[in-house]
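Novice: All letters in the sequence shown, in the order written, are residues 112 to 391 by this note's numbering. Think of the CB as a built atom: it goes at the ideal place given N, C-alpha and C, for glycine as much as any other residue. Note that the structure is predicted; figures quoted are calculated from it, not measured. Please read through the structure below; I'll follow up with questions.
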Amino acid sequence: MRTRKMLPVLGSLLLAALVPGVATGAPGGAEYVALGDSGAATTGIQNFDVDAPLLCAQSTTNTPKLVARELGLQLDDRTCSSARIPHLTTSQSPGVAPQFDGLGPNTKVVTLHIGANDAQFTRNILACHVGSLAGRACSDSQDPLWGNDIAAVGPAYATALRQIHQLAPNATVFVDGWPLYVRDTSCADLIGLTPRDAAYIQSKFDALNDVVSREAVAHDAVYIDTRARSTGHDMCAAPGIRWFEPLVAGQTLVPYHPTLEGMQGVADVVVAAMRASGVS
112 MRTRKMLPVL GSLLLAALVP GVATGAPGGA EYVALGDSGA ATTGIQNFDV
162 DAPLLCAQST TNTPKLVARE LGLQLDDRTC SSARIPHLTT SQSPGVAPQF
212 DGLGPNTKVV TLHIGANDAQ FTRNILACHV GSLAGRACSD SQDPLWGNDI
262 AAVGPAYATA LRQIHQLAPN ATVFVDGWPL YVRDTSCADL IGLTPRDAAY
312 IQSKFDALND VVSREAVAHD AVYIDTRARS TGHDMCAAPG IRWFEPLVAG
362 QTLVPYHPTL EGMQGVADVV VAAMRASGVS
């Protein structure tokens, strides 16, 4: 069953390698430019956007596109799966331009959601799950390297925000944080993850939120807290309610990434924040 579920993903990756898309933008920048990684770009195999660079695995129903439709904004979606902060200014792969290439004086709205890949979340979360299955609690290890990686995101974020303001001087910049992924409990979908380890993983998402929100406030950006609204929608919630896929992902095949409901939920929070800031 697992093998059959993985076939569409492997097929998409093969197609992406053979036919890379090329991102192009409006002269002077689009009205709304979305920047970020897979947390903003993809719903996995759901609603795959073949008009975007295929290696980015963008969805036609990701949060930036839902926000743009709701507010009637012209969107240049530069989000890309596996992106790190350096990919804002450098090409991530052939056919994928630096994300900042979309910015310009015509840009009125920018959203930024990036940093988890820089802070090695995939590697550390996987290690927690593997350790739990082997009877080793990652919460006991308190690996300082993960905390150091999270802290290192701060200076890079500060630089990125300053560059955004320089490249898009007329834009309001919105930085959306990471919602609630796991509650401090256990459920079958967590595949052996103990409540302590679940709380430990979530504490790292919260720490990343602290870093990013601090830099947003310090560099004239609007920070959007998505954690409060996501309570009750974590990976232990029922399918159709949860905002994130568990380790064995059924809807999108991408663990720890947004479901369709998650993208819509975050989009609703972002739209409300934008309207409160005068974007309509």
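Any chance the segment 288-303 sits against the segment 340-352, with 3 or more Cβ pairs inside 8 Å?
Specialist: Yes, since at least three Cβ pairs between the segment 288-303 and the segment 340-352 fall closer than 8 Å, the two stretches touch.
Novice: Could you tell me which of Asp-379, Ala-309, Ala-141 and Pro-138 sits nearest to Pro-357, measuring between CA atoms?
Specialist: Ala-309
Novice: Output the boundary residues of the alpha helix (DSSP H) element that contains Arg-269.
Specialist: This sequence places Ala at residue 269; Arg is not what is there. From DSSP, the alpha helix (DSSP H) with Ala-269 extends over 255-278.
Novice: According to DSSP, is Asp-345 part of a helix, a strand, or is it coil?
Specialist: coil
Novice: Can you give the Cα-Cα distance for Gly-265 and Val-144, rounded to whole angstroms?
Specialist: 22 Å
Novice: Please report how far the alpha carbon of Ile-196 lies from the alpha carbon of Gly-226, in whole angstroms.
Specialist: 6 Å
Novice: I think Thr-174 touches Met-374, with their Cβ atoms under 8 Å apart; what is that distance to the nearest whole Å?
Specialist: 5 Å
Novice: In whole angstroms, what separates the C-alpha of Thr-201 from that of Glu-181?
Specialist: 31 Å
Novice: To the nearest angstrom, how far is it from the Cα of Ala-332 to the Cα of Gly-343?
Specialist: 28 Å
Novice: Going by Cα to Cα distance, which pick from His-330, Cys-239, Asp-260 and Thr-172 is closest to Val-284?
Specialist: His-330
Novice: Are the beta-carbon atoms belonging to Ala-194 and Gly-147 less than 8 Å from one another?
Specialist: yes
Novice: Could you tell me whether the segment 261-275 touches the segment 240-251, using the rule of 3 or more Cβ pairs below 8 Å?
Specialist: no
Novice: In or out: Gln-162 buried (at least 16 other Cβ within 10 Å) or exposed?
Specialist: Note that residue 162 is Asp in the sequence shown, not Gln. By the 10 Å Cβ count, Asp-162 comes out exposed.
Novice: Hey, quick one: how far does the alpha helix (DSSP H) through Thr-174 stretch, first residue to last?
Specialist: 174-182
Novice: Output the boundary residues of the beta strand (DSSP E) element that contains Gly-147.
Specialist: First-last of the beta strand (DSSP E) with Gly-147: 143-147.
Novice: Whole angstroms are fine: how far does the CA of Ala-279 sit from the CA of Val-221?
Specialist: 9 Å
Novice: By the three-class DSSP mapping on this structure, what secondary structure does Thr-171 have?
Specialist: coil
Novice: Taking C-alpha atoms, which residue in Tyr-334, Gly-150, Ser-250 and Gly-140 lies nearest to Phe-355?
Specialist: Measuring from the Cα of Phe-355, the nearest candidate turns out to be Gly-150.
Novice: Using the three-state DSSP reduction, which class does Ile-335 fall into: helix, strand or coil?
Specialist: strand
Novice: If you run the structure through DSSP and keep just helix, strand and coil, what is His-198?
Specialist: His-198 falls in the helix class under three-state DSSP.
Novice: What are the boundary residues of the alpha helix (DSSP H) that Val-322 is part of?
Specialist: 306-329
Novice: For the alpha helix (DSSP H) containing Asp-379, name the first residue and the last one.
Specialist: 371-387
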